[in-house]
Each structure stands twice: as C-alpha cells, then as structure tokens.
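So the structure is just underneath, and the comments pick up after that.
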Amino acid sequence: MTTLVTVPELETRFAGVITPDTRKGYEGYIVDVQHLKDFAKALRDEYGYDYLASLTGVDYLPEGKMEVVYHVYKSTGGPGLVFKVQVPRDNPVVPSLVDIYPGANFQEREAWDLLGIRFEGHPNLRRILLWEGFWGHPLRKDWREPYFEEEGKPYSSRWPEGKHFHHEDRNPFGKNVDYPPGFDPYTWEPETADEILYQAVLKRSEIRDDLRTERVVINLGPQHPSTHGVFRMIVTLDGETIVALEPVMGYLHRNHEKIGERNTWIMNIPYTDRLDYISAMANNFGYVLAVEKLMGIQPPERAEYIRVIMAELTRIVNHLWAIGFLLNDLGAFFTPALYAIEERELILDVFEAVTGSRMMNNYFRFGGVARDIPEDAWKKLVELVTDRLPRKVDELDRYLTESELIKSRTIGVGVLTAEEAIALSTSGPVLRASGVPYDVRRADPYSIYDRFDFDVAVRYHGDVYDRYLIRIDEMRQSLRILQQAIRDIPDGPIMAGKPQYQVRVPPGEAYGRVEAPKGELGFYVVSTGKPNPWRYHVRAPSFVNLTALETMCRGHKIADVVTILGSIDIVLGEVDR
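Position 42, counted from 1, in the sequence shown is what this note's numbering calls 1361; the numbers after and before it change by one each time, with no gaps.
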C-alpha cells in the first residue's frame, strides 16, 4: 500500500509556513502559498525529495478555495510526502515549480486547463488537453457539460424512474455543444491557437552564430501509424536537425476525470480499462488500491496473488506490444510485431477465460477480484509461464538484440541522463533505462510484492537501445515473479466480504500508485462520504513521460523522432484521458 510520511524537522524549520493537514482522512502538510518555492526547494535539495510524482488540483467549491496537491518521493526509494497549497477560488494563483521540478510542466498546464489554476512563472502556460478557444475549465464543480443531467450517478431518470431519453433531443443545438452567453457564431473569429503553438516552439530555438540558416517548422501527426495515435509534434528544424519540439495532445480527450466524478466509486473500475487499453489490469490495480486505502480493507491472500499474476502478465503483454511496434517504427514493418503479437494473444486467451474479455477486463474489485481462475485457464497459464513465454522472450532477444540495423538506429539516439530523467518526473522503463533503479514495487511496495524475489531491471545509457533492452529484462523478471506466484498461491476466498454494488467510502484522500508497464500509474481520490468521488485524478505515465520528449529529440535528425517516441511507449487513451 502506498505510504506517506510526515517529517517533524520540517515543522520546526518551517514553523508558521506549514501546518499539518488535520482534516479527517487527510495527511501531509498545508504550505503557505507565499513560501511554496522555498519549501519545495528545501525538500528537493536538503531532504532528498527529488522526484515529483504527481501534481493536481481540487476544487472545494463550498469552501470557496482551490487546492493544489503535490506528491514527492526520494529517487532512492521509500515512502513519499504530500503537501498542498490553498488559494481563493475566484483568483487561484500559485507559483510554478517548473524551475525546481521540471516534471511539473505538463501537470501544471493540465491543472490550468481543467481547473483554471494559474501557475505564475510557468514558461509556457497554455491549455494542453483542450483547445485555446474552449469555454471554461471543466473540472470546476460549477462547470456543467451540455448534456448535464445531475451531479452524480445513478441518474434518477434511469433509476428508479426508468424513463430513458436522448439528451440531444433536449439540447437546442441537437448535439453535445454549448456556447457562452452572448456568443454569435456569425461574427466569431477563432483564436489563433496554432500561432501560439508555433511561437512557443520557435522561442525555444537557439540561434547559431556561426552560420545563418532559415528555421523550418513542420508538423508530424496526428496521423496514427507514426505517432502511436492521434498525437502531433510541432518540430523546429535547422536543416534536418531538431532544435525544438512541442508535443500537441488532447485530440482523444473525453474528460475522463469529470466522468469519474459523476460515476459512483465502483462504476469507475471499467472506465479505468479505457485509459491504457493495452494494460487494463494495471489500471484496475492502481484505482482499487487508492479506494481500499480509504475504505481500510485488505483483500484475501488468494486475491492478492491473483492480482499480482494478472499485473505481471499485463506487463509482458505491454512489453511484447511495445517491442513489436518499436520495430515497426524502425521500418521492419509488422514481421517482428506479428511474432510478438502471437504471444500476446495467448495471454489474452487467459484473460478472456478468467474475466470474460480480452482487453476491457473490468476484473479487480474493492477487496478482491471478480472471479477465480478456472481450472483449464490455470493449466494454460502454468504452461505459458513455465515453458513457452521464457522461450519466446529468449527468441526475441536472439533475433533482435544484436541486429546491426537495430543497433545502428538506436544506440546513442534519444539519450536521457539519470539527472534529467528524475527531474522530468519520468517513470517506468524510461527512468530505469537512464540508470535510475526506481521501481514502485521495490521503492514503495504495495500488495504482496515484498514477498517475491526479483531484480529491478536497470540500464545505464538512457538511449532508445537501452529502452528496448530494459523491456526484455523486465519480461524476464515478470516471469520470475509469475513462477513464484503460481507456486505459492494459496486456496481460499477471492473477496473480502460479500460482493457489493454500492460501497461506502469514508471521507478523506488517498493516493494509490502502482508500477504499471509504462511507469508510475497513480490515482488521487477525495471522498466526502457520498456515493461519488469528489475528486478523481489519474497520474498517467504516458502523459508525464512525454515531458521528456523534447529533451530526448533535441539535436537528433527528423528521421529519429518516431523511433524516440516509440521508445517511450505511449497510449493516447492514457495521455489524453
């Protein structure tokens, strides 16, 4: 379970600046906003909290305030620390921490975009998931979508009344749109959002003194084959060399978190499947851990083992897919990918037998899992874990690792140093391939991972080649965990108590974090004791890892961009949410 600490020495040193958060069910410190930067700098430089894992905001509408919540950790491992600042809701201005924790960049922009919290001193404070002309900040509690019906589900028109209707029939525009008061579509001119984007990327382009050349700005994406989804990169070139790059995302944004705050607690489990849809089981895991922390419940032993089995199978599924499609990005169109996909399909056979679905599994529950593993699926699982998958991982290694073409296109390309990886809040294979042996399963153990004998995979060159190798290493370590889990799994129940269709979640906050295949996946939730979350935030590794994309690409050729992006391994369902 994710643990957080207090540091009594901090209370003495920053007396009058910080106060313990004494609200029932809350933890950490509330920091005076005027001293936020001094406090954060001391945490990083003097107390070793050099890794900003999560940053988000909460709209406490009844109290008239906004709160920004920071979760920081030590890159050497151990429990984390949470601190917050509170500002008036009608003028929510907070100092930016990008100069202290560069990984705050995209996360602060997201909080501005969705909650309207302005981060003073941010180098590029623009919307990030919505377009610049969007009206309002949709995660504010008084913002209502055009199809708004009620604040929380289940909607009374569905239950108990059962009077279904189509929202578009009641919307004067006939579709899911609304316009601000006084808006005239005949005189309105769209804001020059693209000009703002281009200015931002040109501003970061350094001018060479030795040779005057014309800078060229081009767009890569948002076509699917080369950008792993509807993702766009605005690239400034000096010849064919990249001097600046601006990721543009949000094309797949559907306000997942607003939906999550309308849903009941248990309704959100299948919604998490749709984040990183390659790794649905890991998404379930992170969310149920956060809610179980608030509820104070512990799953039975057998359920814990099943969760670990499903999570590690998911890691192998993800890395097979990532390696296969990295080879696509290198130009080996689909032959290596199909070899990897064949093994993935066999694991999905097990998922289907256990959960009823190959990808959208909806399997974890608060206090356990939905159903046990059938006997025939268990036999197939044992054969895969003990025989076939170890052989196939070795085959991939043998066919790919020493390939002259792969090495020539990946070694020394997209380098991210250990210091940069920590500062930019990267996680997962991206972080560990840069020489930082940080894995949440070891650094801040959850579930029963502290019982297993496995190594934290780490590589030290921080390039595309090492990000490929780290995934081969991690599949082997996952197989080690799986072989121990199938050996030691006990008999017994798979749920704590009876299955529930509605749960009582006590008031408070919780942050559940897991080592998902793409990195740290965190869920920050706030409960008021009602059937729906007051705040539901997803710390998505695909989104945060993209903070490092420009650093990786700068100085490389345009032909390397797609390879570098592929080595990060993003899924746009998780990036855009």
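Note that beta-carbon positions come from the ideal geometry of N, C-alpha and C, so glycine has one too. Quick caveat, the model's predicted, so the values are computed rather than measured.
Residue j beta carbon less than 8 Å from that of residue i
{"i": "residue 1405", "j": "residue 1349", "result": "yes"}
{"i": "residue 1850", "j": "residue 1615", "result": "no"}
{"i": "residue 1464", "j": "residue 1854", "result": "no"}
{"i": "residue 1677", "j": "residue 1671", "result": "yes"}
{"i": "residue 1392", "j": "residue 1368", "result": "yes"}
{"i": "residue 1476", "j": "residue 1631", "result": "no"}
{"i": "residue 1888", "j": "residue 1570", "result": "no"}
{"i": "residue 1434", "j": "residue 1877", "result": "no"}
{"i": "residue 1848", "j": "residue 1826", "result": "yes"}
{"i": "residue 1884", "j": "residue 1546", "result": "yes"}
{"i": "residue 1436", "j": "residue 1473", "result": "no"}
{"i": "residue 1613", "j": "residue 1829", "result": "yes"}
{"i": "residue 1384", "j": "residue 1414", "result": "no"}
{"i": "residue 1791", "j": "residue 1716", "result": "yes"}
{"i": "residue 1753", "j": "residue 1731", "result": "no"}
{"i": "residue 1835", "j": "residue 1605", "result": "yes"}
Three-state secondary structure (DSSP) of residue i
{"i": "residue 1385", "result": "strand"}
{"i": "residue 1796", "result": "helix"}
{"i": "residue 1624", "result": "helix"}
{"i": "residue 1827", "result": "strand"}
{"i": "residue 1841", "result": "strand"}
{"i": "residue 1835", "result": "strand"}
{"i": "residue 1459", "result": "coil"}
{"i": "residue 1407", "result": "strand"}
{"i": "residue 1390", "result": "strand"}
{"i": "residue 1876", "result": "strand"}
{"i": "residue 1638", "result": "helix"}
{"i": "residue 1362", "result": "helix"}
{"i": "residue 1599", "result": "helix"}
{"i": "residue 1687", "result": "strand"}
{"i": "residue 1539", "result": "strand"}
{"i": "residue 1473", "result": "coil"}
{"i": "residue 1856", "result": "strand"}
{"i": "residue 1868", "result": "helix"}
{"i": "residue 1743", "result": "coil"}
{"i": "residue 1348", "result": "strand"}
{"i": "residue 1881", "result": "helix"}
{"i": "residue 1694", "result": "helix"}
{"i": "residue 1644", "result": "helix"}
{"i": "residue 1892", "result": "helix"}
{"i": "residue 1806", "result": "helix"}
{"i": "residue 1801", "result": "helix"}
{"i": "residue 1900", "result": "In the structure as shown, the chain starts at 1320 and stops at 1896, and residue 1900 therefore has no counterpart that could be examined."}
Local Cβ density within 10 Å of residue i, reported as buried at 16 or more and exposed below that
{"i": "residue 1540", "result": "buried"}
{"i": "residue 1944", "result": "Any property of residue 1944 remains undetermined from this structure, which presents the chain solely from 1320 to 1896."}
{"i": "residue 1784", "result": "buried"}
{"i": "residue 1535", "result": "exposed"}
{"i": "residue 1467", "result": "exposed"}
{"i": "residue 1869", "result": "buried"}
{"i": "residue 1389", "result": "buried"}
{"i": "residue 1438", "result": "buried"}
{"i": "residue 1485", "result": "exposed"}
{"i": "residue 1602", "result": "buried"}
Host alpha helix (DSSP H) of residue i (start-end)
{"i": "residue 1658", "result": "1654 to 1674"}
{"i": "residue 1764", "result": "It is not in any alpha helix (DSSP H) - residue 1764 carries neither H nor E in the DSSP assignment."}
{"i": "residue 1860", "result": "1860 to 1864"}
{"i": "residue 1897", "result": "A query on residue 1897 cannot be resolved here, the shown segment of the chain reaching from 1320 to 1896 and no further."}
{"i": "residue 1425", "result": "1423 to 1434"}
{"i": "residue 1533", "result": "From DSSP, residue 1533 is part of no alpha helix (DSSP H); its letter is neither H nor E."}
{"i": "residue 1342", "result": "That residue, residue 1342, is in no alpha helix (DSSP H); it is neither H nor E in DSSP."}
{"i": "residue 1710", "result": "1708 to 1719"}
Residue range of the unbroken beta strand (DSSP E) whose run includes residue i
{"i": "residue 1565", "result": "1560 to 1567"}
{"i": "residue 1339", "result": "1337 to 1339"}
{"i": "residue 1377", "result": "1370 to 1379"}
{"i": "residue 1588", "result": "Residue 1588 -> not in any beta strand (DSSP E); alpha helix (DSSP H) instead, spanning 1587 to 1592."}
{"i": "residue 1413", "result": "1412 to 1414"}
{"i": "residue 1576", "result": "Careful: residue 1576 lies outside any beta strand (DSSP E), inside the alpha helix (DSSP H) at 1575 to 1581."}
{"i": "residue 1464", "result": "Unbroken run through residue 1464: none, as it is neither H nor E."}
Touch test, the region 1864 to 1884 against the region 1733 to 1750, Cβ-Cβ under 8 Å, three pairs minimum: yes
Three or more C-beta pairs below 8 Å linking the region 1572 to 1581 and the region 1553 to 1564: no
Three-pair Cβ contact test at 8 Å for the region 1648 to 1659 versus the region 1582 to 1596: no
Sufficient close CB pairs (3 or more, under 8 Å) joining the region 1832 to 1851 to the region 1775 to 1782: no
At least 3 beta-carbon pairs within less than 8 Å: the region 1412 to 1424 vs the region 1358 to 1377: yes
Cβ pair count under 8 Å reaching 3, the region 1675 to 1689 against the region 1584 to 1591: yes
Three or more C-beta pairs below 8 Å linking the region 1442 to 1457 and the region 1395 to 1414: With a cut-off of 8 Å on Cβ pairs, the region 1442 to 1457 is not in contact with the region 1395 to 1414, counting fewer than three such pairs.
The region 1801 to 1812 contacting the region 1725 to 1744, beta-carbon criterion three pairs below 8 Å: no
Cβ pair count under 8 Å reaching 3, the region 1621 to 1629 against the region 1756 to 1769: yes
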